[in-house]
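Chemist: Right, I'll just put the structure down here and ask away after.
Numbering (our numbering), first residue to last: 7 to 57.
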């Protein structure tokens, strides 16, 4: 079963949005999927966990 998702609204700097869009496209992911991936990795790193 896939984890539940919650819709949120955030404001980002334009240059950050552009860079993330480029990276998401290169990775064949949507902007939202890529943001989620980035945040998951950051949280894991911050908490010192691998998964």
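Yeah, the Cβ is synthetic: ideal placement off N, Cα and C, and Gly gets one too.
#1: Under the assumption that residue 41 contacts residue 22 (Cβ atoms under 8 Å), give the Cβ distance between them as a whole number of angstroms.
#2: Assign residue 12 to one of three DSSP states: helix, strand, or coil.
#3: Report the three-state DSSP secondary structure of residue 38 (helix, strand or coil).
Modeler: So, from the data block:
#1: Residue 41 to residue 22, Cβ: 10 Å. No contact.
#2: coil
#3: helix
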